[in-house]
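What follows is a single structure, written as structure tokens, with notes after it.
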Amino acid sequence: MKKIPVIAVLGPTASGKTGLAVELAKHFDAEVVSFDSMQLYKGMDVATAKPTEQEMQGIPHHMIDCVLRNEVYSVARYKDDATKIIDDIVARGKRVILVGGTGLYLDSLLENIEFLNPETDEKNQKIRKELQKELEEKGPSFMFGKLTAIDPVTAEKLHPNNTGRVLRALEVYYTTGRTISYQVEHSRDVPSRYAPVFIGLNARDRQCLYDRINKRVDLMLESGLLDEAKAFVDEAPGTTARQAIGLKELAPYIRGEQPLDVCVDHLKQETRRYAKRQLTWFRRNEKVHWLYIDELSREDLINEAIKIIEKEES
30 MKKIPVIAVL GPTASGKTGL AVELAKHFDA EVVSFDSMQL YKGMDVATAK PTEQEMQGIP
90 HHMIDCVLRN EVYSVARYKD DATKIIDDIV ARGKRVILVG GTGLYLDSLL ENIEFLNPET
150 DEKNQKIRKE LQKELEEKGP SFMFGKLTAI DPVTAEKLHP NNTGRVLRAL EVYYTTGRTI
210 SYQVEHSRDV PSRYAPVFIG LNARDRQCLY DRINKRVDLM LESGLLDEAK AFVDEAPGTT
270 ARQAIGLKEL APYIRGEQPL DVCVDHLKQE TRRYAKRQLT WFRRNEKVHW LYIDELSRED
330 LINEAIKIIE KEES
């Protein structure tokens, strides 16, 4: 079977992925499919830096703002949904550009990783409720320690406070008898359907990236991040909305527990840490062509990316 050519624009937060993806989409007559695990959710526009209509420049964007915030959504479901969208785009004679920062979502799609879904019977629902109750009683650190003992490979890739992913990994183990890391390791028997070209954005000078992150946080606050966070502050622990960077860090201020400047500094710090984790994930992929935002102008970045893609696909 002839593989589907796709372009994947990846990198840390605030590196300019959206802008580059739109320019490449215009050049290659493509549509954009997001692989951002938080931009999926409705009502989290500012915190997740969803592209605005102006930024999209008329280019269709998929897998954005399509899931209710309390809806259970998994990487397995993302793979299924994105696959259907890509097939539709290709059937209409268009190219596909993947853009985002959630490495697990990208890998699951392009590497054809098959996940065993937990059963949807009463047993599964009971386990999910028990894990949620245990989280509320004992906290994120305890649950992360539990996962580390069961599936250290998966735990190493997760932040301890990402309770949504931690609970999901525990749920998969308790309902299927197999860890997520085992499933990933043994699920690549069927070859990938795709022929990807990877374009990565980064900065040689780490401070350049950090300055962009700090500026983005300031702009988010000016754009109504606090109002958005107030709508989510009372979400139950473990819900997806609570995991978004930009919402949970502002909760102590909204509750009157800490000054705003302290919370904002913490938000910037957590965003920088998230960017480091993203880079650690993407650097494992030796096929990524890295372009540096502090060495090339916007126009040169676009032109260099086009040259790389055309050379790879020739």
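Under our numbering, the letters of the sequence shown match residues 30 to 343, in that order.
Virtual Cβ for every residue (Gly too), placed ideally from N, Cα, C.
- Segment limits, beta strand (DSSP E) that includes G206: Residue 206 sits at position 177 when you count from the first residue of the sequence shown. Annotation for G206: no beta strand (DSSP E) segment contains it, and DSSP assigns it neither H nor E.
- Message: Closest to Y354 by C-alpha separation, out of N231, L135, T81 and E84, would be which residue?
- Response: Outside the displayed span of the chain (30 to 343) sits residue 354, for which this structure offers no information.
- Item | Extent of the continuous beta strand (DSSP E) run through L230 | To locate residue 230, count along the sequence shown from 1; it is residue 201. Segment Y223 to N231, the beta strand (DSSP E) holding L230.
- Query: Which runs of the alpha helix (DSSP H) fall wholly inside the region 105 to 158 and span at least 4 residues, in chain order?
  - Reply: 132 to 139, all fully within the region 105 to 158.
- Simplified DSSP assignment, three categories, for Y70: The residue you call residue 70 lines up with position 41 of the sequence shown. Strand.
- Query: Are I118 and V61 touching if we call contact CB-CB under 7 Å?
  - Reply: Residue 118 sits at position 89 when you count from the first residue of the sequence shown. Residue 61 sits at position 32 when you count from the first residue of the sequence shown. No; because the gap between Cβ atoms is not below 7 Å, this pair is not in contact.
- Query: Which word fits F171, buried or exposed, when buried means at least 16 other C-beta atoms lie within 10 angstroms of its C-beta?
  - Reply: For this step, residue 171 is matched to residue 142 along the sequence shown. The residue in question, F171, is exposed, as its Cβ has fewer than 16 Cβ neighbours within 10 Å.
- Using beta-carbon positions only, say whether T262 and A280 come within less than 7 Å of one another. By 1-based counting over the sequence shown, the position of residue 262 is 233. By 1-based counting over the sequence shown, the position of residue 280 is 251. In the sequence under discussion, the amino acid at residue 262 is Val, which differs from the Thr named in the question. It is a contact, given that the beta carbons lie within the stated cut-off.
- When DSSP builds the beta bridges, which residues end up paired with A260? Here residue 260 refers to the residue found at position 231 of the sequence shown. For A260, which the question treats as bridged, DSSP gives no partner whatsoever.
- Would you kindly work out how many angstroms separate the C-alpha atoms of N141 and V219, rounded to a whole number? Within the sequence shown, numbered from 1, the residue matching residue 141 stands at position 112. Within the sequence shown, numbered from 1, the residue matching residue 219 stands at position 190. Those two C-alpha atoms are separated by around 7 Å.
- Query: Where T192 and K186 are concerned, what is the direct C-alpha to C-alpha distance, given to the nearest angstrom?
  - Reply: Here residue 192 is taken as the residue at index 163 of the sequence shown, counted from 1. Here residue 186 is taken as the residue at index 157 of the sequence shown, counted from 1. About 13 Å.
- Within 10 angstroms of its Cβ, does T131 collect 16 or more other Cβ (buried), or is it exposed? As a position in the sequence shown, residue 131 is number 102, starting the count at 1. The C-beta of T131 has 16 or more other C-beta atoms within 10 Å across all chains shown, which makes the residue buried.
- Do K46 and Y223 have their C-beta atoms within less than 7 Å of each other? Walking along the sequence shown from the start, residue 46 turns up at place 17. Walking along the sequence shown from the start, residue 223 turns up at place 194. Contact flag unset, no.
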